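*Asks:* Residue numbers (this note's numbering): 476 to 634. For glycine and all other residues, C-beta sits at the position ideal for the given N, C-alpha and C. These numbers were taken from a predicted model, which means no experiment stands behind them. Here it is: the structure, laid out below.
Following this line, the structure appears as structure tokens:
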């Protein structure tokens, strides 16, 4: 059993995006659907696909730090401020599993680093393409769309 979608959005995703000064309704919805499709909202935090809510691999984590955050010391410092003081130094990838706000920040910055623009109308099919490009290259669009319909639609787009 994972984290309730409403709680994850309200207590982890939204505050993290606000902290990074990157909040938008679409970004919040997108990350919620990514967490739903990647880890069933935290039901599986460590798998062969990666670590944490967003199943981020060691390689992708390292690449984000080396290629993107290293170029922006202020942003890097902000993100580092979310990490545990000592644990990050000894096991930085473990932070993706145990620190929900840190992993959320990394997930969002993976989107930002790719230069992906989220569609203004929150089209699940277009968002699924971004998910597949960044988080799950072998993923099926319908898996993301199902996660969107199950977790996001009831919270933000009730019928």
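For residue 490, which residues in the same chain have their Cβ closer than 8 Å to its Cβ, ignoring the five residues on either side in sequence?
*Replies:* As a first step, residue 490 is located in the chain shown; it is residue number 15 there, counting from the start. So the qualifying residues of the chain are 576.
*Asks:* Alpha carbon to alpha carbon, what distance is there between residue 515 and residue 502?
*Replies:* Counting from one through the chain shown, the residue named residue 502 turns up at place 27. Counting from one through the chain shown, the residue named residue 515 turns up at place 40. Going by the C-alpha atoms only, they are around 18 Å apart.
*Asks:* Can you give me the C-alpha to C-alpha distance between residue 523 and residue 504, rounded to a whole angstrom?
*Replies:* Against the chain shown, residue 523 aligns to sequence position 48. Against the chain shown, residue 504 aligns to sequence position 29. Near 25 Å, if we compare the C-alpha coordinates of residue 504 and residue 523.
*Asks:* In the DSSP assignment, find the alpha helix (DSSP H) that holds residue 610 and state where it starts and stops.
*Replies:* Residue numbering aside, residue 610 sits at position 135 when the chain shown is read from its first letter. Taken as a continuous stretch (DSSP letters only), residue 610 belongs to no alpha helix (DSSP H), as it is neither H nor E.
*Asks:* Counting Cβ pairs closer than 8 Å, one from the stretch 594–604 and one from the stretch 540–550, do we hit at least three?
*Replies:* Contact fails: fewer than three Cβ-Cβ distances are below 8 Å.
*Asks:* Do you know how far the Cα of residue 496 is from the Cα of residue 570?
*Replies:* Looking up residue 570 in the chain shown gives position 95. Looking up residue 496 in the chain shown gives position 21. Computed Cα separation, rounded: 21 Å.
*Asks:* Quick test of your reading: residue 506 and residue 488, contact by CB under 8 Å. State the CB separation rounded to the nearest angstrom.
*Replies:* The residue you call residue 506 lines up with position 31 of the chain shown. The residue you call residue 488 lines up with position 13 of the chain shown. Right, the Cβ-Cβ distance comes to about 5 Å (below 8 Å), so this counts as a contact.
*Asks:* Taking the alpha carbon of residue 508 as the reference point, which residue from 613, 582, 590, 543 has its own alpha carbon closest?
*Replies:* If you number the chain shown from 1, residue 508 lands on position 33. Checked all of 613, 582, 590, 543; the closest Cα to residue 508 is 582.
*Asks:* How many Å lie between residue 593 and residue 587 at the Cα?
*Replies:* In the chain shown, the residue the question calls residue 593 occupies position 118. In the chain shown, the residue the question calls residue 587 occupies position 112. About 10 Å.
*Asks:* With burial defined as no fewer than 16 other Cβ atoms inside 10 Å of the residue's Cβ, what is the status of residue 612: buried or exposed?
*Replies:* As a working note, residue 612 is residue 137 in the chain shown. So residue 612 counts as exposed.
*Asks:* Secondary structure at residue 618, three-state DSSP: helix, strand or coil?
*Replies:* As a first step, residue 618 is located in the chain shown; it is residue number 143 there, counting from the start. Looking at residue 618 - three-state DSSP - the assignment turns out to be helix.
*Asks:* Measure from the alpha carbon of residue 526 to the alpha carbon of each residue in 494, 485, 568, then state which is nearest.
*Replies:* For the purposes of this step, residue 526 is taken as residue 51 along the chain shown, with counting starting at 1. Nearest C-alpha to residue 526: 568.
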